[in-house]
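Read the structure below first, then the notes.
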Amino acid sequence: MKIVGITGGIGSGKTTIARYFQERFGIPVYYADAEAKALMHTPQLKKKIIQLLGEQAYKGDTLDRGFVASRVFKDTDLLNALNAIVHPAVGRHFKSWVQEQEAPYVLKEAAILFENGNAADCDAVILVTAPEDLRIARVVERDGTSAEAVKERMSKQWSDDRKIPLADFVIENIALQDSRKQAEIIHYKLLGGRINT
Numbered sequence: 018m019k020i021v022g023i024t025g026g027i028g029s030g031k032t033t034i035a036r037y038f039q040e041r042f043g044i045p046v047y048y049a050d051a052e053a054k055a056l057m058h059t060p061q062l063k064k065k066i067i068q069l070l071g072e073q074a075y076k077g078d079t080l081d082r083g084f085v086a087s088r089v090f091k092d093t094d095l096l097n098a099l100n101a102i103v104h105p106a107v108g109r110h111f112k113s114w115v116q117e118q119e120a121p122y123v124l125k126e127a128a129i130l131f132e133n134g135n136a137a138d139c140d141a142v143i144l145v146t147a148p149e150d151l152r153i154a155r156v157v158e159r160d161g162t163s164a165e166a167v168k169e170r171m172s173k174q175w176s177d178d179r180k181i182p183l184a185d186f187v188i189e190n191i192a193l194q195d196s197r198k199q200a201e202i203i204h205y206k207l208l209g210g211r212i213n214t
């Protein structure tokens, strides 16, 4: 079974495109960022995260995402330490999830697939892009945050210019109807086994 990564910077719409593959073609999608958040509530990871960031990282049993983001997005060492706790757990969970799937390929949706080296574990990678101003507007509307906060998070991710040469397929996600057509072409190429075309 092929493992196909689908990635893109914050606000690119990678989750929307992944969901289209799931709903239109029945392709199983592993939402790595959502699974990471779920795993951060398991006793093993919770203990390690509290050791790293302190008791304030959780409100009761719930991860305080605002507090965690405020700490790690301003401190690269803390971010790397948190990723060193979470990413291996996600990797193990993903491998067991793949074993349960029956499909010609699965999608692994992750924001930092290239940045953390996980693209190397994929048979192909789809990169979802969009102009920066559109991405910022989408996240401001979605999260009720400021443009400055979005730009701060963007600065921690690689630029599209750096990722495009590494991707097997690129979907420019400006108008959803056009993006869906691009997704259909990619789907049939993946079924035909033609990677890097």
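Per the numbering used here, the sequence shown starts with residue 18, numbered consecutively. Beta carbons are placed, not taken as given, at the ideal position from N, Cα and C, and that holds for glycine.
Scanning the segment 91-156 for uninterrupted alpha helix (DSSP H) segments of 4 residues or longer gives 93-116, listed from N- to C-terminal end. The beta-bridge partner set that DSSP reports for Thr-59 is empty. CA-CA distance, Gly-209 to Thr-162, rounds to 42 Å.
Secondary structure note for Glu-165: its alpha helix (DSSP H) is the uninterrupted segment 164-171. Looking at the DSSP output, Val-46 shares a beta bridge with Leu-124. Note that the C-beta distance between Val-142 and Asp-185 is below 9 Å. The beta carbon of Ala-98 lies closer than 7 Å to those of Leu-69 in the same chain, with the five residues before and after it left out.
A residue is called buried when at least 16 other Cβ atoms come within 10 angstroms of its Cβ; Ile-181 does not meet this threshold and is exposed. Thr-146 counts as buried, since no fewer than 16 other beta carbons sit within 10 angstroms of its beta carbon.
Contact annotation: the segment 123-132 touches the segment 38-55, with at least three C-beta pairs closer than 8 Å.
Burial state of Arg-152 is buried, judged by a 10 Å Cβ sphere holding 16 or more other Cβ atoms. For Ile-203, the enclosing alpha helix (DSSP H) has its first and last residue at 193-209.
When DSSP states are grouped into helix, strand and coil, Gly-77 belongs to the coil group. DSSP places Ile-181 in the helix class (H, G or I) of the three-state scheme. Gly-30 sits away from Arg-179, with the two beta carbons spaced by 9 Å or more. Membership of Gly-83 in the alpha helix (DSSP H) is indicated by the continuous run 82-89.
Excluding five sequence positions before and after Phe-111, the CB atoms of its chain that fall closer than 8 Å to its own CB belong to Tyr-47, Ala-49, Glu-52 and Lys-125, given in chain order.
By the criterion of a C-beta distance shorter than 7 Å, Ala-164 is surrounded in its chain by Ile-153 and Val-157, once the five residues flanking it on both sides are discounted. The DSSP-derived three-state label of Ile-23 is strand.
Gln-174 and Gly-26 do touch by the CB rule: their CB atoms are close to 5 Å apart, below 8 Å. For Thr-33, the closest C-alpha among the options Met-18, Ser-196 and Arg-88 is that of Ser-196.
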